[in-house]
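J.: This is the structure I have questions about; it appears just below.
2 protein chains.
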Amino acid sequence: MNSILVVDDDPHIVRALAITLKGHGYTVTTAMDGESALHAAAQRPVNVVILDLGLPDIDGTTVITRLREWSAVPILVLSARHGSNDKVEALDAGADDYITKPFGLDELLARLRAILRRNTDSREETTTIETSSFTVDLAKRQITKSGQDVRMTPTEWNILDIMVRNPDKLITQQQLLTEVWGPAYAKEANYLRVYMAQLRRKLEVEPGTPRHFITEPGMGYRFVP
Amino acid sequence: MNSILVVDDDPHIVRALAITLKGHGYTVTTAMDGESALHAAAQRPVNVVILDLGLPDIDGTTVITRLREWSAVPILVLSARHGSNDKVEALDAGADDYITKPFGLDELLARLRAILRRNTDSREETTTIETSSFTVDLAKRQITKSGQDVRMTPTEWNILDIMVRNPDKLITQQQLLTEVWGPAYAKEANYLRVYMAQLRRKLEVEPGTPRHFITEPGMGYRFVP
DNA sequence: CCAAATTTTGACGCGCTCTTAACGCCCGCG
DNA sequence: CGCGGGCGTTAAGAGCGCGTCAAAATTTGG
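Sequence order for the protein chains is A and B.
Under numbering that gives the first Met the number 0, the residue at position 7 of the first sequence is numbered 6, and the numbers go up by one with no gaps.
Under numbering that gives the first Met the number 0, the residue at position 117 of the second sequence is numbered 116, and the numbers go up by one with no gaps.
Spelled out as structure tokens, the structure:
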């Protein structure tokens, strides 16, 4: 859930924005002037700040500057002024986007999505799967078993990747074969036996009696964490 | 030096933009239609794409979509259309900003700075990476090995940069090739071998048995501090 | 316009991975 | 009780990927 701080001195705009944003699933906090905006931003971290430039107490650009002293939160500026000087100043002070009033709500929402998309793109997913005997870090492509790194060949990794991404789910042989080797190899069930044995030898405590890479006879395989 | 790809079918605009941007220290490449734009972007990685929506061959939104299939390069859209539908479509397709013509050049430049700032800001957290045998200062672009400065060629630095920014993470060959040389070179795994050998010769204590630049056969490379 | 540095290209040998085949086991079925 | 299919295991040859070196082509800098 993304949280947004809306800063505007016009109660109508604040209220309208808050309702619209909440309606789209965002968490909204509001502020009516610069000081309380800075205070609110310090109080609780937000994902985006929507900032009107025409505030009663502090100049909008100053708000941006003071916010940027300690925070890298994306700032989307609203303004009634069309002059390009204001835009340049605000953007160079550290704003990320600038919309002039009157603006379309769908445009505002689209620009919000663009900003948020960029911010979550850069965040690395920490997708790690853990079992009783080994750990798979999908982002790093790293497998650890009792403190030791386990090396995988490309084919081994491909199979492991599919398996751990579908825990407790039955993967048919054809599914594995077509995804790893291509549709032309859909009948080479031999390959699976060889590589499944390899995976178990590397990852299972007792390769003879596997606990994580389970064979479903006649159907396929199942990975249970 | 930041490189920009300018895409517009109006020669006057292309020319004016190119001159202005070059005057501000950017490296500029140009394209007149969608296909050549995609081709140009694939040929050599750029830091920003400035894209006009009204292209003769492909719809602008399609260009964005196809670019986003393999690249995360920031896209700044220019358009003569003021309709908010166009804006929403372009932004949701993956554009980062949207300016309607006619626009002020200083506003364009300010928005460019904002985009570029955001792209470098987010990575500024750790400026120096240290290993047992050498130190990399990302901000200064300086490498030190046992008190001695180590010189790197541009390509060598690009690779090193990607590697040290993703410690312990496996970087696939395609990832390196597309980010350093562009997607058109995704199959030239030869280059990687040559340059990885170069990096190891310059940075590893024993280039023959690397401890920091590890090869994951068939998959890619991994940097371990 | 020349010289140096850098990038690109090609060739070679080695080691590892993939592929393939053979064999034994367990289980269900006739 | 004998048979066959599906599965696990192992081993060996073929082929590919990697590191290395060196030379050609291109770019950079003076």
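We put the CB at the ideal spot given by N, CA and C, even for glycine.
For A39 of chain B, collect the residues of the same chain with a Cβ closer than 7 Å to its Cβ; drop the 5 residues on either side in sequence, then sort them by chain order.
T.: Contacts found: L4, T28, A30.
J.: State the start and end residues of the unbroken alpha helix (DSSP H) segment that holds R221 of chain A.
T.: Here R221 of chain A belongs to no alpha helix (DSSP H); instead the beta strand (DSSP E) covers 219-222.
J.: Beta-carbon within less than 6 Å of L54 of chain A's beta-carbon, same chain only, minus the 5 sequence neighbours each way: which residues are those?
T.: Excluding residues within five positions, the ones whose Cβ falls inside 6 Å are D8, D32, G33.
J.: For L90 of chain A versus I49 of chain A, is the C-beta distance shorter than 9 Å?
T.: Cβ atoms of L90 of chain A and I49 of chain A: not closer than 9 Å.
J.: Spatial neighbours of L16 of chain A within its chain, please: CB distance less than 6 Å, with the 5 preceding and 5 following residues excluded, ordered by chain position.
T.: Excluding sequence neighbours, L16 of chain A sits near V5.
J.: Beta-carbon of K168 of chain B versus every beta-carbon of chain A: anything under 9 Å?
T.: Judged by the 9 Å Cβ criterion, K168 of chain B is in contact with chain A.
J.: Less than 8 Å between the CB atoms is what I'm expecting for M218 of chain B and P153 of chain A, so what's the real figure, rounded?
T.: That pair is a contact at about 6 Å.
J.: Pull up the DSSP beta-bridge partners for T130 of chain B, would you.
T.: In the DSSP output, where bridge partners are listed per residue, T130 of chain B has none listed.
J.: Does the beta carbon of V179 of chain A fall short of 8 Å from some heavy atom of the ligand GDP?
T.: Here there are no bound small molecules, and the ligand GDP is not part of this structure.
J.: Three or more C-beta pairs closer than 8 Å, one from the segment 77-84 of chain B and one from the segment 94-111 of chain B: is that the case here?
T.: The answer is yes - the segment 94-111 of chain B touches the segment 77-84 of chain B, with three or more Cβ pairs under 8 Å.
J.: Can you list the residues of chain A that V87 of chain B reaches, using a CB-CB cut of under 7 Å?
T.: Within chain A, the residues near V87 of chain B are D105, E106, A109.
J.: Could you pull the DSSP bridge partners for V5 of chain A from this structure?
T.: A:T29, A:I49, per the DSSP bridge assignment.
J.: In the structure shown, what three-state DSSP assignment does T214 of chain B receive?
T.: Correct three-state label for T214 of chain B: strand.
J.: Going by DSSP in three states, D91 of chain A sits in which element: helix, strand or coil?
T.: Residue state, collapsed to three classes: helix.
J.: With which residues is Y97 of chain B paired in a DSSP beta bridge?
T.: DSSP output for Y97 of chain B lists B:V76 as bridge partner(s).
J.: Shortest alpha-carbon distance to T64 of chain A belongs to which of A:V87, A:V47, A:A92?
T.: The residue with the shortest Cα to Cα distance from T64 of chain A is A:A92.
J.: For the alpha helix (DSSP H) holding V62 of chain B, just list the boundary residues, first then last.
T.: Per DSSP, V62 of chain B belongs to the alpha helix (DSSP H) from 59-67.
J.: From L159 of chain A to N165 of chain A, what distance separates their C-alpha atoms?
T.: Taking the straight line joining both Cα atoms gives about 10 Å.
J.: Based on Cα-Cα distance, which residue from B:M195, B:A138, B:P216, B:N46 lies nearest to N118 of chain B?
T.: Here the closest residue by C-alpha is B:N46.
J.: Is the CB-CB distance between G181 of chain B and A94 of chain B below 9 Å?
T.: No, they are not a contact pair.
J.: Counting contacts by CB-CB distance shorter than 9 Å, is K144 of chain A in contact with chain B?
T.: False, the Cβ-Cβ gap to chain B never drops below 9 Å.
J.: Which residues in chain B sit within 7 Å of D91 of chain A, going by Cβ to Cβ distance?
T.: The contacting residues are A109, R112.
J.: Starting from the beta carbon of S83 of chain A, find every residue of chain B whose beta carbon is closer than 7 Å, and list them in chain order.
T.: Within 7 Å Cβ-Cβ: G103, D105, E106.
J.: Under a three-way DSSP split, which group does V204 of chain A fall into?
T.: Looking at V204 of chain A - three-state DSSP - the assignment turns out to be coil, as it is neither helix nor strand.
J.: Listed from N- to C-terminal order along the chain, which residues in the segment 198-220 of chain B have their beta-carbon within a distance smaller than 9 Å of any beta-carbon of chain A?
T.: So the list reads E215, P216, G217, M218, G219, given in the order they occur along the chain.
J.: Under 8 Å by Cβ, that's how I've got A109 of chain B and K168 of chain A pegged, so tell me the actual separation to the nearest angstrom.
T.: Contact flag wrong, Cβ pair sits at about 50 Å.
J.: Could you spell out the range, first to last residue, of the alpha helix (DSSP H) harbouring T177 of chain A?
T.: Its alpha helix (DSSP H) spans residues 172-179.
J.: If you reduce the DSSP assignment to three classes, tell me which class D136 of chain B lands in.
T.: It is a strand residue.
J.: Using DSSP with H/G/I as helix, E/B as strand and the rest coil, what is T143 of chain B?
T.: Here T143 of chain B sits in strand by DSSP.
J.: Can you list the residues of chain B that D95 of chain A reaches, using a CB-CB cut of under 7 Å?
T.: Residues of chain B passing the Cβ test: A113, R117.
J.: For a cutoff of 9 Å on Cβ pairs, would you count W69 of chain A as touching chain B?
T.: So no, W69 of chain A is outside the interface.
J.: Could you check whether L176 of chain B and L191 of chain B sit closer than 9 Å to each other, using their CB atoms as the reference points?
T.: In contact: L191 of chain B and L176 of chain B (Cβ atoms closer than 9 Å).
J.: What whole-angstrom Cβ distance do K144 of chain B and S131 of chain B have, given they're in contact under 8 Å?
T.: Between S131 of chain B and K144 of chain B the Cβ distance is about 11 Å, and since that is not below 8 Å, they are no contact.
J.: Measuring only the C-alpha atoms, how far is R140 of chain A from V62 of chain B?
T.: Straight-line Cα distance between these residues: approximately 32 Å.
J.: Report all residues from its chain with a CB closer than 6 Å to the CB of K21 of chain B; omit the five preceding and five following residues, and keep chain order.
T.: Same-chain partners within the cutoff: V27.
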